[in-house]
Structures are given as structure tokens and as C-alpha cells.
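Number of protein chains: 2
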Amino acid sequence: MTTVEQAEKLILAQLKDYGNETVPFEQALGKVLAEPILADRDLPPFNRVTMDGIAVSYDALQNGINTFKIKATQAAGDEPATIDEPNECIEIMTGAVLPASADTVIRYEDVEIRAGQACVYVQDIKKGQNIHPRGIDKKQGDVLAASGQMVTPAIISLAASVGKTHLLVKKTPRVVIISSGDELVDVDQIPSPYQIRKSNSYTVKAVLKQHGLQADVLHIPDDPEVTKIQIQHCLQNYDVLLLSGGISMGKFDYIPQALEDLQVENIFHKVAQRPGKPFWFGRDKDGALVFAFPGNPVATFVCLHRYFLTWLNATLGLPQQLPVYAVLDKDFEFLPALQYYLQVKLKSNQHGQLMASPVEGNGSGDFANLADTEAFLELPLERNEFKKGEVFRVWKF
Amino acid sequence: MTTVEQAEKLILAQLKDYGNETVPFEQALGKVLAEPILADRDLPPFNRVTMDGIAVSYDALQNGINTFKIKATQAAGDEPATIDEPNECIEIMTGAVLPASADTVIRYEDVEIRAGQACVYVQDIKKGQNIHPRGIDKKQGDVLAASGQMVTPAIISLAASVGKTHLLVKKTPRVVIISSGDELVDVDQIPSPYQIRKSNSYTVKAVLKQHGLQADVLHIPDDPEVTKIQIQHCLQNYDVLLLSGGISMGKFDYIPQALEDLQVENIFHKVAQRPGKPFWFGRDKDGALVFAFPGNPVATFVCLHRYFLTWLNATLGLPQQLPVYAVLDKDFEFLPALQYYLQVKLKSNQHGQLMASPVEGNGSGDFANLADTEAFLELPLERNEFKKGEVFRVWKF
Numbered sequence: 001m002t003t004v005e006q007a008e009k010l011i012l013a014q015l016k017d018y019g020n021e022t023v024p025f026e027q028a029l030g031k032v033l034a035e036p037i038l039a040d041r042d043l044p045p046f047n048r049v050t051m052d053g054i055a056v057s058y059d060a061l062q063n064g065i066n067t068f069k070i071k072a073t074q075a076a077g078d079e080p081a082t083i084d085e086p087n088e089c090i091e092i093m094t095g096a097v098l099p100a101s102a103d104t105v106i107r108y109e110d111v112e113i114r115a116g117q118a119c120v121y122v123q124d125i126k127k128g129q130n131i132h133p134r135g136i137d138k139k140q141g142d143v144l145a146a147s148g149q150m151v152t153p154a155i156i157s158l159a160a161s162v163g164k165t166h167l168l169v170k171k172t173p174r175v176v177i178i179s180s181g182d183e184l185v186d187v188d189q190i191p192s193p194y195q196i197r198k199s200n201s202y203t204v205k206a207v208l209k210q211h212g213l214q215a216d217v218l219h220i221p222d223d224p225e226v227t228k229i230q231i232q233h234c235l236q237n238y239d240v241l242l243l244s245g246g247i248s249m250g251k252f253d254y255i256p257q258a259l260e261d262l263q264v265e266n267i268f269h270k271v272a273q274r275p276g277k278p279f280w281f282g283r284d285k286d287g288a289l290v291f292a293f294p295g296n297p298v299a300t301f302v303c304l305h306r307y308f309l310t311w312l313n314a315t316l317g318l319p320q321q322l323p324v325y326a327v328l329d330k331d332f333e334f335l336p337a338l339q340y341y342l343q344v345k346l347k348s349n350q351h352g353q354l355m356a357s358p359v360e361g362n363g364s365g366d367f368a369n370l371a372d373t374e375a376f377l378e379l380p381l382e383r384n385e386f387k388k389g390e391v392f393r394v395w396k397f
Numbered sequence: 001m002t003t004v005e006q007a008e009k010l011i012l013a014q015l016k017d018y019g020n021e022t023v024p025f026e027q028a029l030g031k032v033l034a035e036p037i038l039a040d041r042d043l044p045p046f047n048r049v050t051m052d053g054i055a056v057s058y059d060a061l062q063n064g065i066n067t068f069k070i071k072a073t074q075a076a077g078d079e080p081a082t083i084d085e086p087n088e089c090i091e092i093m094t095g096a097v098l099p100a101s102a103d104t105v106i107r108y109e110d111v112e113i114r115a116g117q118a119c120v121y122v123q124d125i126k127k128g129q130n131i132h133p134r135g136i137d138k139k140q141g142d143v144l145a146a147s148g149q150m151v152t153p154a155i156i157s158l159a160a161s162v163g164k165t166h167l168l169v170k171k172t173p174r175v176v177i178i179s180s181g182d183e184l185v186d187v188d189q190i191p192s193p194y195q196i197r198k199s200n201s202y203t204v205k206a207v208l209k210q211h212g213l214q215a216d217v218l219h220i221p222d223d224p225e226v227t228k229i230q231i232q233h234c235l236q237n238y239d240v241l242l243l244s245g246g247i248s249m250g251k252f253d254y255i256p257q258a259l260e261d262l263q264v265e266n267i268f269h270k271v272a273q274r275p276g277k278p279f280w281f282g283r284d285k286d287g288a289l290v291f292a293f294p295g296n297p298v299a300t301f302v303c304l305h306r307y308f309l310t311w312l313n314a315t316l317g318l319p320q321q322l323p324v325y326a327v328l329d330k331d332f333e334f335l336p337a338l339q340y341y342l343q344v345k346l347k348s349n350q351h352g353q354l355m356a357s358p359v360e361g362n363g364s365g366d367f368a369n370l371a372d373t374e375a376f377l378e379l380p381l382e383r384n385e386f387k388k389g390e391v392f393r394v395w396k397f
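One line per chain: the protein sequences are H and S, in this order.
Using full-length UniProt numbering, the first residue of the first sequence is number 1, and each one after it goes up by one.
Using full-length UniProt numbering, the first residue of the second sequence is number 1, and each one after it goes up by one.
Right, here's the structure in full:
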């Protein structure tokens with residue numbers, strides 16, 4: 001059977017560039033930059049005053065002058081004033097441009113201003129103090145944010161500060177979430193005693209929304225002809241089909257047959273993991289990818305995070321996410337020869353360690369449990385006993 | 001001067017219930033539940049078959065029967081079939097209701113089906129296998145998600161499965177983000193050599209968006225009358241005013257005067273921290289809160305995460321977030337008697353420890369740095385030297 005590692009490798013071999021698009025910079029939040037953001041001028045663009053107070057020449061202080069005539073008052077945004085004589089100063093505000101004839105700012109708290117004069121109280125004044133010098137953060141033309149970075153609020157700020165009203169970002173793949181089966185009824189319906197309501201599609205849609213993807217949702221009834229037509233339509237109109245359920249070999253699962261008829265190549269079927277073992281992954285001749293997750297909700301949730309989001313980040317060109325590790329906080333046993341995804345709560349301890357507490361549900365169909373946990377602990381395939389204090393990779397959701 | 005701890009306490013004393021609203025369940029993602037989600041029936045609602053195969057009576061197997069006549073085929077969503085004789089079975093699909101007359105499911109892989117008969121190959125069959133029993137996850141009326149929980153994709157799924165098309169959630173406060181100062185020009189404008197573009201408001205707006213808050217944005221020019229009118233309008237029409245800049249005592253900062261004239265009570269001004277020392281917090285007589293952050297972008301970013309988001313979670317009734325700790329990975333010195341917020345990159349190590357690497361910028365005005373870091377390490381006020389290997393609280397952004 002395909003291992004988790006092999007499955008990941010096979011999926012990551014299917015990367016594709018879905019192109020770029022230009023969006024207003026505020027709408028770029030959460031998207032991936034397809035161009036660098038460059039400094040349009042030095043940052044700061046001028047010697048910027050960082051305290052309200054007076055601007056003087058340091059030499060004047062050195063020469064024993066401690067009372068200065070206020071020649072002008074200069075606010076942030078004002079054209080800079082000038083001092084002509086050593087015993088003159090400019091009353092100046094935070095954010096203002098340091099006048100060329102001054103080099104030091106003394107804050108209000110350290111001077112007394114009376115009758116147009118400022119008297120300096122303190123001794124300990126450093127040349128250049130209370131000034132954020134031009135270009136010290138970045139020089140004009142420097143890269144502020146590189147292509148391939150995820151747009152964060154900090155990057156939104158950088159875009160605004162350099163006047164990038166629009167940003168070139170990676171286009172995301174067009175995704176359709178497909179459920180199937182006549183046992184599923186709509187959320188607003190009362191199911192018969194042997195039916196259940198659709199829920200997986202909503203979960204998947206919500207997770208994708210958290211990752212900046214708007215996906216369409218489709219339900220396919222148990223009818224072989226309709227199934228084939230609908231799957232064909234999706235292969236032609238979407239980049240990725242995310243199926244939840246309908247891929248087992250049961251008599252009424254028409255999806256495997258439709259995929260075969262439509263010549264979708266099966267790259268692997270079944271992964272040595274629980275939950276999620278029946279996971280089917282394939283590729284249409286025109287490049288559409290099919291992630292067919294098992295119907296049980298926890299399995300879909302594991303596979304979505306472990307495989308689809310990993311693929312999504314990679315296909316958008318994001319740097320690979322650094323693995324996160326956590327310490328198992330009690331013994332756990334799992335006998336089948338499958339890589340187990342254990343639902344855990346996480347807590348940071350005083351040693352800076354992430355502690356993982358298993359919250360066991362009633363098997364992989366128990367979705368209620370997921371609302372109380374935060375992550376899956378990935379327990380290695382080749383072992384059956386996992387001891388308190390051992391460290392394993394963790395996948396947060 | 002107010003300490004960070006005192007400031008937090010004073011802010012958390014200003015909690016208010018902003019009421020509830022009903023939204024379509026999919027739109028509740030990221031909001032806070034104001035009602036519990038209850039199981040409308042047992043979960044699973046019936047003894048649910050978890051493998052494609054045949055349903056039989058375990059007693060029949062015990063009595064040596066290993067060949068069964070297929071009496072009916074039953075898919076998920078079908079009304080359950082019935083076996084009348086011990087040597088009969090139902091061919092049955094994943095998700096189907098277990099017929100009352102059967103108690104065990106044998107998967108396809110372990111039987112051979114030929115000419116309307118199923119012959120069981122394997123010995124090791126357990127009574128009740130491949131069945132997810134009715135009510136084992138939750139009983140009808142059980143709480144699936146409690147009031148006060150943040151709506152996650154898992155909770156969206158629970159809502160769907162119990163038919164909650166709409167959810168009662170906490171209303172979020174109405175927030176306005178205010179910038180001020182004639183030195184700021186719009187993003188699409190070319191600033192003069194002594195002006196800069198607005199950027200703080202966009203950063204704040206993006207952070208709030210990540211936390212599910214839609215905020216309005218307002219810029220106030222340097223004019224005392226206009227300032228007073230605008231601030232008054234905001235106090236009357238919003239629950240929270242988030243100011244960035246304009247609160248120092250500079251000659252052209254009209255905001256402190258406007259707040260005083262409008263009788264906004266100052267709860268504290270200045271916190272023993274860097275960046276963010278000039279932070280001003282107050283409350284209007286009618287309850288509007290004013291978070292007036294210093295104008296420097298990193299200070300605003302620190303205060304927004306450290307104070308406003310902490311307040312927001314608390315006022316919405318979310319459980320207090322557990323602190324996260326990280327290990328400083330190199331020595332660091334900070335002399336002023338202020339609590340320092342050090343920008344760091346984070347990395348999980350093989351011991352499950354979160355390691356924090358300082359990325360020092362050029363003082364608190366250096367925003368470019370924030371795009372390369374992920375968190376602030378909160379270094380205690382009472383110390384000046386911080387050693388590699390020591391653990392401190394970390395605030396992710």
C-alpha cells in the first residue's frame with residue numbers, strides 16, 4: 001500500500017502554475033505575491049523626527065549654548081524650516097523632516113519653553129538623537145517583500161507605504177467540492193431515519209475559505225449517467241475536484257466507474273493511514289486533479305489538511321511549511337500497520353514545549369470530537385506503542 | 001508608569017455585551033456561538049455500516065453457516081431490508097442502516113459472491129464488526145458545541161449535520177480606524193519629499209479582517225474644529241475607536257484636546273513598554289472605547305495584538321487564550337526600564353520546543369522588518385539581560 005510519504009511525493013509531483021492576476025492591494029491579503037514589492041524611495045524617506053521637541057545643532061550645545069531662540073515651528077508634513085545662527089532652534093513635531101541645518105532633537109520633557117525661547121535642562125544629549133535617519137530601514141529599490149511570499153497585514157502596510165495600489169498575485173486553482181449519494185439530504189431538510197444531512201462539503205468549503213479559496217459545491221445523485229456527465233463537466237471546468245465519499249467499491253458508487261470511463265489516471269488508491277485509507281488520487285489527461293477522499297468526515301478532514309493544503313501551498317509557490325512537533329502527554333497504542341492521525345489538544349508549557357493531549361473519539365466517523373481538538377498528531381507507521389514524552393509531528397487545523 | 005500587566009487589567013475591566021445576531025450557518029465561520037448546538041437525534045442516527053460487504057447474523061456464523069443467500073441489496077439511504085432465515089444475508093453498502101435482523105458486517109474482501117450467494121472466507125469475525133453503533137458519538141439532546149465557542153469548520157459541519165441552517169452568534173463591536181495628520185497622503189498619491197503615505201490604517205484593517213471584523217476607516221486632517229466634530233461623530237456611532245498616531249503632545253496634535261473637550265475619560269496614558277509607550281486608553285461617558293496607539297507602525301502593531309485583540313476575545317466571551325511560550329535562541333540585551341517586544345521568527349525543534357530567533361530592525365519605526373517575522377517575544381520589564389535558552393511568552397501575529 002502507498003505510504004503517507006509516498007502519497008505526499010506523488011501529489012507534490014503534480015504542481016502547476018495557474019497564472020497571475022492583479023488585484024487591489026487590500027484584497028491581496030492571504031494571497032501569494034507574484035512580484036516583489038520594492039522601496040519607491042529610501043525608508044524613511046527623510047531624516048524623520050521621532051519626538052516632539054526642538055531641533056538644534058549639536059555643535060552649538062558643545063559650544064556651551066543652552067538657550068535657543070525659537071525661529072519657527074514645524075509640524076509633520078511641513079516643508080523644513082532653517083536655522084541660520086547657532087543659538088536658534090526649530091520647534092518640531094514627531095514625523096517632521098529634520099531641517100538640514102539641525103542634527104539633534106531634544107524632547108519637550110527636557111526643555112523649558114518661555115517667551116519664544118527654549119532652555120535646555122539636561123546634559124546627557126547625544127548627537128543625532130530622536131531621529132530616524134533617512135534610508136536606515138531600506139534604500140530606494142530594495143526588496144521589501146519578495147515574490148512568493150504570502151501577503152500578511154505587514155505586507156499590506158508595505159504595499160500602501162510604497163504606493164502599490166494594486167498587486168500581482170498568484171491565481172488560485174478553481175476548485176469544486178463534490179458530494180454524492182442519495183442518503184444525503186440538504187441541511188434544511190428533515191432526513192428520514194436512514195438518511196443523514198450533507199455536512200462534509202460545508203466543512204471542506206469552510207477550511208478552504210480559511211485558506212483564501214472560494215470553492216463551488218456540487219452534489220451528484222446515485223445515477224450512473226448523471227454521475228458521468230457531471231464529473232466530465234467538472235473535469236473540463238475546474239482545476240481540482242475534491243470528492244468526499246463515493247469512491248469505495250460498493251454497488252452504488254458510480255464515481256469510480258465514471259472516472260475510469262473518462263480516462264482519469266489513478267495515481268494511487270489507498271494509503272497506509274487511518275483515518276483516510278481509501279483515499280484515491282488521480283489526474284485527468286488535461287491536467288485536472290482529483291482528490292477523492294473517503295466519505296467519513298474525519299478522514300476527509302485529515303486528508304484535506306495533510307494532502308490538499310500541502311499541495312495548494314506548493315502549487316502556489318509558497319516556501320514549504322516548517323514542520324511543527326509536539327510532545328505526546330500520555331501513552332498511546334495503535335496496533336494496525338497504518339500511520340495513525342491522533343486528534344489532540346495542544347498546550348504550550350513553561351519550557352516552550354508544545355504538549356499534545358489525545359482526545360479520543362469513537363473511531364474515524366466521530367466528527368463531534370473535532371470541535372474539541374486542534375490538531376492531528378502523526379504517529380509513525382512502523383510502530384504500535386507511543387510513550388508519554390515522545391515527540392511527533394503535528395498538523396494543526 | 002502603567003505596566004503592561006496593569007494596562008491589560010484596566011482594558012479587560014471594560015467588557016461589554018454587544019448583543020447577538022442570527023446568521024446563515026456558513027457565514028458564522030470565525031464568529032462566536034451565542035447558543036449551543038444540540039444533537040437533533042443520536043449520532044450516528046442509526047447503526048451505520050462502515051464497509052461495503054454483507055450483513056449477517058453473528059449467531060448463524062457461530063452455528064457454522066458460511067454460505068449465505070443474498071436476499072436483497074441495500075445502499076446508503078435505502079430503507080433497511082430484512083433477513084428471515086439464518087442462511088440469508090443482505091448485500092450492503094457503506095453508510096447504510098444495519099438491518100434489525102443482522103448484527104455483523106463482513107467486507108467484500110473477505111467473501112466471494114457468486115450466483116446470488118456469498119461465501120465467507122475468513123474465520124476471525126467479531127460480533128458487531130464494521131458497524132458504527134447508533135448514538136455512540138452523541139445522544140439526542142447532547143451539546144455538540146457550547147455557547148461561547150468560536151465557530152470552526154468542524155462546528156460548521158456539526159451545524160449542517162443537525163440541520164441548523166442559521167446560528168445565533170455574538171455581534172462584534174462597530175470599529176472605526178482613525179488616522180490623522182496632514183503629513184499623510186493617500187496610497188495612490190505621490191508624497192512630497194516630507195510626506196509619507198497612509199499605511200497604518202490598512203495594516204490595522206487587515207489584522208481585524210483576519211479576526212473576522214469589518215472596520216471603517218477615517219482620516220482626520222490637522223484642524224481642531226474638524227477633529228472635534230469627527231471624533232464626536234465616531235464616539236456616537238461606533239463602539240471602538242482605534243487611533244493610530246495623533247496622541248502625542250505636539251502642537252499640531254488636536255486629538256488629545258478633542259478627547260478632553262468631549263469628556264472622554266483617560267483610563268491610562270503611557271505604558272512601560274517599547275514599542276508602544278505613548279499608548280492612551282479611554283472611555284466615553286456613553287461607553288465607546290478609545291484605543292489610541294502611537295503613530296509608529298510597529299508600536300501600533302504591538303498594541304493592536306497585545307491589547308485590542310485580547311480585549312476583543314474577552315468581550316465576545318471567548319475563553320482566555322492559553323499563553324504560548326518560546327525559547328530565546330540567542331542572548332539579547334535591552335537596557336531601558338520598559339517591557340520590550342522583540343520581533344522574532346519561530347521554529348519548532350525536534351524536542352517539540354518553539355525556538356524564537358530575534359530579527360532586529362532599526363528601532364520601532366522599522367516596519368519592513370515585520371514582513372520577515374512572525375511574533376513578538378515579551379521580555380520582562382524588570383530585567384535587562386536575556387540569555388539564550390531562557391523561555392518567554394510569545395505573541396504570534
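Note that CB positions come from ideal geometry on N, CA and C, so glycine has one too.
It should be emphasised that the depicted structure is a prediction, and the values quoted were computed from it without experimental measurement.
**Study point:** Member of Ala288(H), Thr3(H), Cys119(H) whose CA lies at the smallest distance from the CA of Arg107(H)
**Key:** Of the listed residues, the one whose Cα sits closest to Arg107(H) is Cys119(H).
Point to revise | Residues that Leu167(S) contacts on chain H, provided the C-beta gap is smaller than 9 angstroms | key: The contacting residues do not exist; Leu167(S) stays about 12 angstroms from chain H at best.
Point to revise | Terminal residues of the beta strand (DSSP E) in which Ala7(S) lies | key: Ala7(S) -> not in any beta strand (DSSP E); alpha helix (DSSP H) instead, spanning 4 to 12.
Review point. What residues in its chain sit with their C-beta under 7 angstroms from that of Val204(S), if we drop five residues either side in the sequence?
Key: Ile177, Leu242, Ser244, Thr300, Leu304
**Study point:** According to DSSP, residues forming a beta bridge with Thr73(H)
**Key:** Glu91(H)
Check your understanding: Just checking, does the region 305 to 312 of chain H make contact with the region 260 to 268 of chain H on the three C-beta pairs under 8 angstroms criterion?
Key -> no
**Study point:** Spatial neighbours of Val187(H) in its chain, beta-carbon cut-off 7 angstroms, leaving aside the 5 residues before and after
**Key:** Arg197, Lys198
Review point. What did DSSP end up calling Ile83(H) once you bin it into helix, strand or coil?
Key: Taken through DSSP and simplified to helix, strand or coil, Ile83(H) comes out as coil.
Practice item. Confirm, please, whether the CB-CB distance from Thr94(S) to Ala81(S) is below 8 angstroms. Key: no
Check your understanding: Are the region 368 to 385 of chain S and the region 132 to 148 of chain H touching, with three or more C-beta to C-beta distances below 8 angstroms?
Key -> By the Cβ rule, the region 368 to 385 of chain S counts as touching the region 132 to 148 of chain H, because three or more pairs are nearer than 8 angstroms.
Practice item. Answer with yes or no whether the minimum CB distance from Ile155(H) to chain S is below 8 angstroms. Key: For Ile155(H), the answer is yes, since a Cβ of chain S falls inside 8 angstroms of its Cβ.
Practice item. Give the C-beta separation of His211(S) and Leu312(S) to the nearest angstrom, bearing in mind that I take them to be a contact with Cβ-Cβ under 8 angstroms. Key: Approximately 7 angstroms separates the beta-carbon atoms of His211(S) and Leu312(S); this is inside 8 angstroms, confirming the contact.
Check your understanding: Do we get a CB-CB distance below 8 angstroms when we pair Ser180(H) with the residues of chain S?
Key -> Using a CB distance cut-off of 8 angstroms, Ser180(H) does not count as an interface residue toward chain S.
**Study point:** chain H contacts from the region 343 to 358 of chain S (Cβ-Cβ distance under 9 angstroms)
**Key:** Hits within the stretch, in order: Leu346, Lys347, Ser348, Asn349, Gln350, His351, Gly352, Gln353, Leu354, Met355, Ala356.
**Study point:** Sequence-distant residues of its chain with Cβ nearer than 6 angstroms to Ser201(S) (five each side left out)
**Key:** Ile177, Ser179, Val217
**Study point:** 8 angstroms Cβ cutoff met for Asp331(H) and Ala356(H)
**Key:** no
Practice item. Measure the CB-CB distance between Ser147(S) and Ala34(S) and report whether it falls below 8 angstroms. Key: yes
Exercise for review: Spell out whether any CB of chain H is found under 8 angstroms from the CB atom of Tyr307(S).
Suggested key: no
Point to revise | DSSP state of Ala102(S) mapped onto helix, strand, coil | key: coil
Point to revise | For Lys228(H), the three-state DSSP class (helix, strand or coil) | key: helix
Review point. What residue range is occupied by the uninterrupted alpha helix (DSSP H) comprising Tyr341(H)?
Key: Note, Tyr341(H): premise wrong, no alpha helix (DSSP H); beta strand (DSSP E) at 339 to 348.
Review point. Of all the options Ala326(S), Leu43(S), Gln236(S), Glu390(S), which has the alpha carbon lying nearest to the alpha carbon of Pro133(S)?
Key: Leu43(S)
Review point. Sorted by chain position, which residues of the same chain lie with C-beta nearer than 8 angstroms to Tyr341(H)'s C-beta, five sequence neighbours on each side aside?
Key: Gln273, Arg274, Pro275, Gly276, Val302, Arg306, Phe376, Leu377, Glu378, Leu379, Trp395
Exercise for review: Quick one: list the residues of chain S neighbouring Pro336(H), beta-carbon separation under 8 angstroms, in chain order.
Suggested key: None at all; the shortest Cβ gap to chain S is about 14 angstroms.
**Study point:** For Gly120(H), the residue or residues it bridges with in DSSP
**Key:** In the sequence on display, residue 120(H) carries Val and not Gly. Val120(H) is bridged to Val111(H).
Check your understanding: Asn20(H) bridges to which residues according to DSSP?
Key -> Lys170(H)
**Study point:** Residue of Ala258(S), Thr373(S), Val185(S) minimising C-alpha distance to Ala154(H)
**Key:** Thr373(S)
Check your understanding: By Cβ distance below 6 angstroms, which residues in the same chain neighbour Thr172(H) in space, the five residues on each side in sequence not counted?
Key -> Only Leu213 meet the Cβ criterion.
Practice item. Note down the Cα distance separating Phe25(S) from Gly141(S), rounded to an integer number of angstroms. Key: 19 angstroms
Point to revise | Coarse secondary structure for Lys138(H), derived from DSSP in three states | key: strand
Review point. Taking only beta-carbon atoms, is Ala160(S) less than 8 angstroms away from chain H?
Key: yes
Review point. Where do the ends of the beta strand (DSSP E) carrying Val327(S) lie?
Key: Start and end: 324 to 328.
Review point. Within 8 angstroms (strictly less), CB to CB, does Leu281(S) reach chain H?
Key: Just to set this straight, residue 281(S) is Phe in the shown sequence, not Leu. With 8 angstroms as the cut-off, Phe281(S) does not count as an interface residue toward chain H.
Check your understanding: If you run the structure through DSSP and keep just helix, strand and coil, what is Ile190(S)?
Key -> coil
**Study point:** Nearest-angstrom Cα separation, counted from Pro336(S) out to Lys387(S)
**Key:** 17 angstroms
Exercise for review: Sort out for me which residues DSSP pairs Leu43(H) with in a bridge.
Suggested key: Lys138(H)
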